[in-house]
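Q:
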Amino acid sequence: MTRTNIIIVKPKIRVVIGIATLILLAQWYLLGPYSAFDFHRWGISSPNQYLSSSPFAGKDPCEFGPKIMEIFNITPQGARVTFHGVNVFGLNYKVYDPSNQLLTSANLKPTSSLITIGYPRLQPGKYRLVLSATTCEGKSEKYFTIPHDDATKNSRLQASNRPQWITKGMDEHLDLRITGEPGNWLLEDFSSPALEDGYEFRYMINSDLVKQSTPLHQYPYQSDSPIRVWKMKTKTGLESVNRWSDKVMNYFFSTDAGKTFSYNVTAGIYTGIFPKGPSKEFIDPIPDGYDPNLKTSQWADLLPPFKLPKGHVFFVNRGEWPVNTMLSQGVTHISHFQLPWEDINEVHRLKQAGLTYFDVQRLENFLQLKPTNGPDDYSKGYNKRWWPHGPFDQQTSIQKANEIQALDAVWIGETLENASWIQQDVPMWGWFYKRLRERYEAEFGSRDIPYYICHNYFQLNRDLITKGREKAKRIIRQPESESGLGVYLKGGTLTSTNLITTSVYLGAPDDQVGSVYKDIYDMILNKSMGYEAGIFLAGFHEWKPNNLFAYHYPEGTFYTYSKLPLDPNVIINYAFLSQVYGKVFVEWGGAGKQTRRDFSPQWAKGLWFPDGTHSPQEGFPYYSKDDGYYSGYNASIDLSAFGIRLYTESFGRLQGNAGSRQYLPFRIDKGPWIQPAQEAADEVVDAYYDRRGFVYSQSKGGKTAWFYLNSFADNKKHLLEVKLPNGRIESRTVAGNSVHVTIE
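Numbering (the UniProt record's numbering), first residue to last: 1 to 744.
1. Can you list, in chain order, the residues of its chain with a C-beta nearer than 8 Å to that of residue 761? Leave out the 5 residues immediately preceding and following it.
2. From what residue to what residue does the beta strand (DSSP E) around Leu350 run?
3. Can you round the beta-carbon distance between Phe444 and Val410 to whole angstroms, since I take them to be within the 8 Å contact cut?
4. Please work out which residues of its chain come closer than 6 Å, Cβ to Cβ, to Ser738, disregarding the five sequence neighbours upstream and downstream, and give them in chain order.
5. Indicate the three-state DSSP secondary structure (helix, strand or coil) for Ala635 in the structure shown.
6. Do Asn461 and Ser483 count as a contact pair if the criterion is CB distance below 9 Å?
7. For Thr372, I'd like the list of residues in its chain whose CB is within less than 7 Å of its CB, leaving aside the five on either flank, ordered along the chain.
8. What is the DSSP secondary structure of Leu460, counted as helix, strand or coil?
9. Helix, strand or coil for Trp431? Go by DSSP, reduced to three states.
10. Is it right to say Ile729 is buried, meaning 16 or more other beta carbons lie within 10 angstroms of its own, or is it exposed?
11. In the structure shown, what three-state DSSP assignment does Ile404 receive?
12. Between the segment 566-584 and the segment 533-544, are three or more C-beta pairs nearer than 8 Å?
13. Taking only the alpha-carbon atoms, compute the straight-line gap between Arg439 and Ser446 and give it to the nearest angstrom.
14. State the CB to CB distance for the pair Arg362 and Ser420, rounded to an integer number of angstroms; the pair is presumed to be in contact (CB under 8 Å).
15. Throw me the rounded Cβ distance for the Phe89 and Thr135 pair, which I believe falls under 8 Å.
16. Counting only the same chain and skipping the five closest in sequence on each side, list residues whose C-beta sits under 7 Å from that of His40.
17. Can you give the Cα-Cα distance for Asp714 and Ile524, rounded to whole angstroms?
18. What is the DSSP secondary structure of Tyr263, reduced to helix, strand or coil?
19. Residue ranges of each beta strand (DSSP E) run of no fewer than 3 residues wholly in the segment 639-682, ordered along the chain?
20. Based on the DSSP secondary-structure assignment, which residues constitute the bridge partners of Ala713?
21. With 16 as the cutoff for other CB atoms within 10 Å, does Gln579 come out buried or exposed?
22. Got a sec, what are the start and stop residues for the alpha helix (DSSP H) Arg362 sits in?
23. Below 8 Å, how does it come out for the segment 392-409 and the segment 344-357: are there three or more Cβ pairs, yes or no?
24. Between the segment 190-208 and the segment 77-94, do at least 3 Cβ pairs fall closer than 8 Å?
25. Of the residues Tyr559, Ile286 and Ala267, which one's Cα is nearest the Cα of Phe274?
26. In whole angstroms, give me the CA-to-CA distance for Tyr127 and Ala106.
27. If we require 3 or more residues per run, which beta strand (DSSP E) segments fall completely within the segment 488-566?
28. First and last residue of the alpha helix (DSSP H) that includes Met326?
29. Could you tell me which of Ser660, Thr111, Thr145 and Gln222 sits nearest to Pro124, measuring between CA atoms?
30. Taking DSSP as the reference, what is the three-state secondary structure of Trp165?
31. With a cut-off of 8 Å on the beta carbons, I'd call Phe558 and Phe620 a contact; round off their distance for me.
32. I'd like the list of long-range same chain contacts for Pro545, defined as Cβ closer than 7 Å, with 5 residues on each side in sequence excluded.
33. With 16 other CB atoms within 10 Å as the buried threshold, where does Lys280 fall?
34. Using the Cα positions of Ser140 and Phe201, report the straight-line distance between them to the nearest angstrom.
35. In this structure, what does DSSP give as the bridge partners for Ala442?
36. Using a Cβ-Cβ cut-off of 6 Å (strictly less than) and excluding sequence neighbours within five positions of Arg732, which residues of its own chain qualify?
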């Protein structure tokens, strides 16, 4: 073996090898065979292993390198390395501990001089990296140090001009660091998780999708709007995490479309807010004093009192806030389940005043249904176990409407899911709602108290804007052409209701791109059919609940498994737009004010890392010991309130003259002027299919409120020029997918 290796070596290095051989023989004679070469230094256990597995055997020397230049972004589970090499197309790296014990080894194919290495979670200390070529003969090594926890934490202390995080996952999945200054930030991912062959890192920064084989590096974020970054490992070329494949019938499902991170986590996550920059071009929805580090809803303690115009609805859960505080701070209705039932007279007063909300009660409750014995049977489209005699007849339907006691001024039902659901086009609903509407008119309408009746919090057969540009425009003008809308039109079973809410119940996280346009279209359509419109929003993605959120305690950090939060900008956008294009906004699922931090042992499974440990431990000390518990925090309620107040500070000041609303001409970066269509939802449809923004305005008494929205935007600065109704052209800087709102 040795002779063969020497014979194939080029003549120009035979002299070098000859001298090296003499030195080795001398060491062999003086020190013994296993001291002549430090085999453990190379991660091999014997001379025979070296001869049989050496990556250098039979290879020409590299033209240069690979030489390690710098090891940086060092964490307990990985680092980034720059090297210099000429015609080096394959690499092997090995990491050794101080006793020369091999800790990890891996091969990779570099695409640049910057590589990412990963290794098992290591304790603080000094380690050695050996970088070897696999396509030629060459290597180098360099020592690096993993800092102690205190040093790592100190390096991440947020200065006064740094962002504050709302939700944050594990650093080993996504370790986002931000440098720069207001309006000109740079994002860097310091994490180094292993990336399997055939997969890539998939980042979404607000609405901007980035796919690459290396961690995020020096990404420009030229905005001070809130931020969401999520990161996954997905198959190279994957279209969407909402559509795993466009080549097979079951494209929503795939066993290999993505790979999980450690602890079976789907996505690394950060959401947060930035400090206010010097720009005053648009209204900042984030109030002074907001501190997401408190990890509880706080909007009602921060915002000055505000009030929506009559007939508008804003609902969020109240938590520990008193009813009076909620009503003085802009909330219009209190959930039936959150009324002060210890004071029945106050409950009666609130209901009589039209200040209560029928909080998505299920139809088996308000129709007093009882299941029969036996299996579920959907042969008739509904479950005969719950409807053994079929839908109610007219007399029973009217009787059920009469049995509803103590009406709530806002009724939103849950009727299209669960085992008891029944189709919305059965005649019983027409009879039921006709009588219920008569009662509502007598109870509230006769006293000039606005009321709303909504059959279900979401509607079937929507996403109508996606049916094509021209068809989407035609549906709003001819809703009868779309069969799914028949229940709302003349003769339909739901014509006695007067509110249709559009649910924001998003699935995969990249499904948010364009979703706001879809739902604006829906609200315009609902109003065109004669109904009031609104938004019913869940502040999380109904998708993959295996993502970790960090909560810090004096003794350590607890990570709970949860669903990904919505982009903060999207929540603010929806709350604001619900009042511009409709009148109703309901946030569902977010917790109100909570001062306790004790999680539920049943619902909040997670990982507990006491300070100084590097693996999860038993004995999390903050599990609740009673029925009350902490729900966690994703800021959905706070952000919703910020969006509602953004409306009251702009469009809400100019109510009462709907005819003054119009879309405005604009252009971006000195490009061509866009002359918007004014009829129906045409401008929104065009913006959706052109993947661009639009400008909408309302004028009254010499003032104009207007907003610019681009849900498809990148995160770079752009020059926006808008032609106002008075002919004046305004120039502003815009960036990102947040709604940019002003009044002048």
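A virtual CB, placed ideally from N, CA and C, is assigned to each residue, including glycine.
A: According to the data block:
1. Here the chain has residues from 1 to 744 only, and residue 761 is not among them.
2. Unbroken run through Leu350 is the alpha helix (DSSP H), Ile344 to Gln352; no beta strand (DSSP E).
3. Not confirmed; about 10 Å, so no contact.
4. Ser225 and Asn569
5. The answer is coil: DSSP assigns Ala635 none of H, G, I, E or B.
6. Yes, the Cβ-Cβ distance between Ser483 and Asn461 is below 9 Å.
7. Arg385 and Pro388
8. coil
9. Of the three classes helix, strand and coil, the one that applies to Trp431 here is helix, per DSSP.
10. So Ile729 ends up on the exposed side.
11. coil
12. yes
13. Within the model, the alpha-carbon separation for Arg439 versus Ser446 is close to 10 Å.
14. 7 Å
15. 5 Å
16. Because His40 carries a pLDDT of 33, less than 50, the predicted location of this residue cannot be relied on, and the following value inherits that uncertainty. Cβ within range, chain order: Asn100.
17. 27 Å
18. helix
19. 666-668
20. In the DSSP output, where bridge partners are listed per residue, Ala713 has none listed.
21. Buried, because 16 or more other Cβ atoms sit within 10 Å of the Cβ of Gln579.
22. Under the DSSP assignment, Arg362 falls outside any alpha helix (DSSP H), being part of the beta strand (DSSP E) whose first and last residues are Thr356 to Arg362.
23. yes
24. With the cut-off at 8 Å, the segment 190-208 and the segment 77-94 touch.
25. Nearest to Phe274 by C-alpha distance, out of Tyr559, Ile286 and Ala267, is Ile286.
26. Going from the Cα of Tyr127 to the Cα of Ala106 covers about 16 Å.
27. 499-504, 532-538, 547-553 and 556-562
28. Val323 to Ser328
29. Thr145
30. Trp165 falls in the strand class under three-state DSSP.
31. 6 Å
32. Tyr561, Ser562 and Lys563
33. exposed
34. Each residue's alpha carbon lies about 28 Å from the other.
35. In DSSP, Ala442 forms no bridge with anything.
36. Glu281 and Leu720
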